[in-house]
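These protein sequence lines map, in sequence, to chains Z and R. Mapped onto the working numbering, the consecutive letters of the first sequence carry residue numbers 241 to 503. Mapped onto the working numbering, the consecutive letters of the second sequence carry residue numbers 25 to 712. For every residue, glycine included, the Cβ atom is placed at its ideal position computed from N, Cα and C. Have a look at the structure below before the remarks.
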Amino acid sequence: MEILVCVKRVPDSAENEIEVKADGSDIKREDLVYSVNEWDNYAVEEAIQIVDRVGGSVTVASIGNPDAEEVVRREMAMGAANGLLLTDPAFEGSDGRGIAAVLAAAVRKGKYDLVLTGAQADDGAAQVGGMVAALLDWPYASLVNKIEVQDGGMLRVGREIEGGNQELSDIQTPCVLSIQTGINEPRYVGIRGIRKVASVEIPVLKAADLGLNAADVGRAGARVKRADYFVPPAGAGAEILQGSTDEITAKLVDLLKAKGGIK
Amino acid sequence: MEPALVSPASAVLAGIPARLIFILIPLVGIGAFAWIMSRRIAPLLRAAPDNRFQRIPERIQAVLKIWLAQWRQPRYLLAGVLHIVVFFGFLILGARSTQLVVLGVVDGFTLPGFGGSFGAIYHVLKDYAGTAVFVSVVILAVRRAAFAPARYAVPEAYGKGHTPEALLVLGLIATLLVSEALFDATLMAAQLTRGQPAEVAPPLTLVWVIRHLLTGVAVGPLQGLHLAAYTVHDLTFFFFLCFLPLGKHFHVITSLFNVFFMRLDRGNVKPVRHGVPDSRLDELKSFGVKTFEDFTWKHMLDFYSCADCGRCSDRCPANRVKRPLSPRFISIKARDYAFARYPLHGAAAESKPLIGGIYSEDEIWSCTTCGACEEECPVAIEYIDKMVDLRRGMVDEGMVPQSLQKPLSAIEKRGNPWGKLEKKRADWVAGAGDGCVVKRLEKGEAAETLYFVDSITSYDDRMQKIAQATARILCAAGVDFGILGPEEKDSGHEVRRFGEEMLFQSLKDHNTEAIQAAGVKRIVTADPHAYNALKKDYAGLPPVAHISEVVAEAVQRGRLTLTPGENGSKTYVYHDPCYLGRHNALYDLPRRVIDAIPGLRRTEMAGDCRDRSFCCGGGGLMLFYEPEEEQRMGVVRVQMAQAAGADVIVTACPFCLVNIEDAIKVAGLEGRMEAVDLCELIDRHIQR
């Protein structure tokens, strides 16, 4: 099975303190460290496991500036055979549909049976997977937490529903699936693994290579335009506790006691 | 004069000279033994390299102390003393058994140097030695069968118990002793019966008892018994020899070599591959131990040398709290696998990954590298390097639990396992107090001493107090010091011990460069893990001291004066951090520092202190690992302190403090027990 996994380089929410720029144009990025979006990492692990079971190969694609190469390489160190870097200044400022258009174009350039995305990105809006499927006119299943390959190009996919229950659906390849965390245990990639794939060539595709019109993607083609970033003012009834951890804990306990939360 | 009995070498059995049989038995025995040993040596020849042929004088010293003087045996008193008797009995009786074997071929043979008066003395000595061993063997057999200590039990997951093997070997030893005594006693009895001058049996020995039992027996039956005793001894001797390499009694042969080749240094970790420098690690195709042949030959020799005494696991904190790790079975399982993979006959077991084959991932992650097992092992088996090598293999294969992947990735990106911002690494300085100036070496300030803080003490709210106390101590002692601030990264002590060698190498390179650029003359740290890393894992740094060394020296020179505290009624107990005590032998200094506080009452957790200290639960990445366990190690430790009658546990390691403070809460001892770092304790008692 030929699988394309779409991955995104995001500021790691566990290792950053996210602050908004004063002018509301973006978050402050000077001190940020980045990693592969957590959901995407599960998607790559799942793709590798599928290929281990039924054969084929995994390709990892990422849209972004040349820094995105680092996450592509990291996922290749996990075991993806190929990488694709979709880089063009024309892609900057894309809305979800723009990103989906670039990815769909990349899918059309290859011969893939299955496209996986993360269910959402740390800094995203959980819209790309579905849009890629729509643009390709492929079937789509979201929030997938289980994949079984069956005969005749059918997949049986699972999704967790309310109350911890499991739903199973059959879907015909080629198709797009968005992957939920917890579907597997992604393997560890250390510095050594990344160095092993350090010299592997990663093709870079621009808008023209993908047959895309620069006006349809990026800021020019965006139909959803970001207006502002700001910290919402504390609303009535909300209180932010200040002080050291011990002080905050003590205040919280007092509050909970006062409001009858604990006795 | 005609001999009282026909000797084995002269006897004729059913028309055949018995000598032929007594030539055949050793030939077959030695042949079989050589074949078995060649199979046992086979994997060692395919193993990873390890140069253990250097530092010979130290190795000889180790052999004299640990092997010959049985140094570690009395740590378990009864078993130890009995083992010492049997061990020396074997050494003494080995000569006699060898002589007996040759006597079946050469009449009147004595070993070179065993004639004359030495021979006479030896003859008496071996009779008493044999008797002592016989008594010990009886005690050991009764103990094994009826009063076996809990540490001998084999958990169901690890297969059948080893008692039958133990009893069989005790039976073989007893057979050797009795047949040897019977051989001598029959001759003495026959001499008496024939009215010849008889050799005298040393009183109360086995031979003395048997000679008395044979009084009045006719020469005919004595002749039969004499030859039968000889034959039984000969057969048992060679059966025993060939049986040794088949199980846990292999240690009788290998322990001498295992001790000679033992690890001589403490606290260090073996290189990924001996002979490959750090700068060329990238050239290695594979990292760590994945299959059996990835172990070094010394580690294989360790497996062969395990006597199954259970002391390692008895002292192992992970085993104590029922984590899925028992160091004893790390050895036994590998030994059994080695035997299956290199069988004496038949098809060899297929090579398979050790993880998932004989070990589980959780088993290998459960080790805190506290070193209690290695401290105890009477034959100097090493475990930490094996754990690290197996982890290197797992890391290389991507088998790292999610709970450890996050902190590893954070260390890679931010230099600390919480992923906190680099620029906040020195935020603790603000709380050091006005009178104390902490220089910032990364900003170009110069100082004589670098205070290496390390991650937990830099970032953790509670542990920052240790950093602040350390800074105030250094100020009060007049030390000219500074820190590296954001230029300091995690020392990587646990990164390395958790198998992420390349990440460790990058941390080491970064810190080494930063420290060298700071131009300091020495390094001080209050974190034993950082202390051990800088001292043992790094190279090319100025001397490294633990804060207790600095305090001890300052007190001695009168630069620091300690005043009586207000907690006069409390009883303090010192908990030895593994990486200060066992791995660096700093036992007395921290105690001396505590005792320098006038009027402070201190007790000991007798039997669980110093080199038998019980690990708090582990430091560094171990704080993030989520083990399967029934209890926290820290809780066991706190209960030990409580049993010792202490109200305050003093430790000298931030990780110990985290674990012990948590454990006090879990054990429900809040308000009755407290934990304090040595630096905090000293800081409170400085006369300013």
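query	result
Is Lys351 (chain Z) closer than 8 Å to Glu441 (chain Z) when the C-beta atoms are compared?	no
Is Asp258 (chain R) closer than 8 Å to Val161 (chain R) when the C-beta atoms are compared?	no
Using DSSP with H/G/I as helix, E/B as strand and the rest coil, what is Ala72 (chain R)?	strand
Interface residues of chain R around Thr485 (chain Z) at Cβ under 9 Å?	Asp485 and Arg486
Is it the case that the region 398-410 of chain R contacts the region 336-345 of chain R, given that we only count it when at least three CB pairs across the two stretches are under 8 Å?	yes
Under 8 Å by Cβ, that's how I've got Glu512 (chain R) and Val477 (chain R) pegged, so tell me the actual separation to the nearest angstrom.	6 Å
What whole-angstrom Cβ distance do Ser329 (chain R) and Thr278 (chain R) have, given they're in contact under 8 Å?	4 Å
Measuring only from the beta carbon, is Pro341 (chain R) closer than 7 Å to any heavy atom that is part of the ligand FMN?	Looking for the ligand FMN in the displayed structure turns up nothing, as the structure carries no ligands at all.
Against Glu257 (chain Z), what residues of chain R qualify as contacts under a CB-to-CB distance less than 7 Å, listed in chain order?	Leu445
With a threshold of 8 Å between beta-carbons, can Asp391 (chain Z) be considered close to chain R, or not?	no
Who are the neighbours of Ser275 (chain Z) on chain R, taking C-beta pairs under 8 Å?	Ser433 and Lys437
Who are the neighbours of Met318 (chain Z) on chain R, taking C-beta pairs under 9 Å?	Gly422
Is the separation between the beta-carbon of Val672 (chain R) and that of Val617 (chain R) shorter than 8 Å?	no
Find the nearest neighbour of Tyr428 (chain Z) within the set Z:Asn256, Z:Asn281 and Z:Glu259, judged by alpha-carbon distance.	Z:Asn281
Where does Arg339 (chain R) fall in DSSP's three states?	helix
Does the beta carbon of Gln426 (chain R) sit closer than 8 Å to a beta carbon anywhere in chain Z?	yes
Looking at the C-beta of Tyr428 (chain Z), does it have a partner C-beta in chain R at a distance below 8 Å?	yes
Okay, do the region 404-420 of chain R and the region 280-297 of chain R touch, 3+ Cβ pairs below 8 Å being the bar?	yes
For a contact defined as C-beta to C-beta under 9 Å, what are the partners of Glu652 (chain R) on chain Z?	In chain order: nothing, as chain Z lies at least about 16 Å away.
Return helix, strand or coil for Ser265 (chain Z), following the three-state DSSP convention.	coil
Sort out for me which residues DSSP pairs Thr473 (chain R) with in a bridge.	R:Phe505 and R:Arg546
Could you compute how far the alpha carbon of Ala252 (chain R) sits from the alpha carbon of Ala156 (chain R)?	24 Å
Consider the Cβ of Glu387 (chain R): report whether some Cβ of chain Z lies at a distance smaller than 8 Å.	no
For Phe505 (chain R), collect the residues of the same chain with a Cβ closer than 6 Å to its Cβ; drop the 5 residues on either side in sequence, then sort them by chain order.	Ala471, Thr473, Tyr475 and Leu498
In this structure, what does DSSP give as the bridge partners for Met394 (chain Z)?	Z:Gln412
From what residue to what residue does the alpha helix (DSSP H) around Asn277 (chain Z) run?	Here Asn277 (chain Z) belongs to no alpha helix (DSSP H), and DSSP marks it neither H nor E.
Which residue or residues does DSSP assign as beta-bridge partners of Ala699 (chain R)?	R:Ile673
According to DSSP, is Arg464 (chain R) helix, strand or coil?	strand
What span of residues does the beta strand (DSSP E) with Lys386 (chain Z) cover, start to end?	Tyr380 to Val389
Under 9 Å Cβ-Cβ, which residues of chain Z neighbour Ser530 (chain R)?	Ile431
Note down the Cα distance separating Ala177 (chain R) from Leu44 (chain R), rounded to an integer number of angstroms.	45 Å
Who are the near neighbours of Leu432 (chain R) in its chain, counting only those whose CB is closer than 8 Å to its CB and skipping five residues on each side?	Val424, Pro441, Val519, Phe522, Glu524, Leu527 and Leu645
Taking the C-alpha atoms as reference points, what is the distance between Ala242 (chain R) and Thr229 (chain R)?	23 Å
Taking the C-alpha atoms as reference points, what is the distance between Ile571 (chain R) and Thr320 (chain R)?	37 Å
With 16 as the cutoff for other CB atoms within 10 Å, does Ala478 (chain Z) come out buried or exposed?	exposed
Report yes or no: do three or more beta-carbon pairs, one from the region 459-475 of chain Z and one from the region 195-211 of chain R, lie closer than 8 Å?	no
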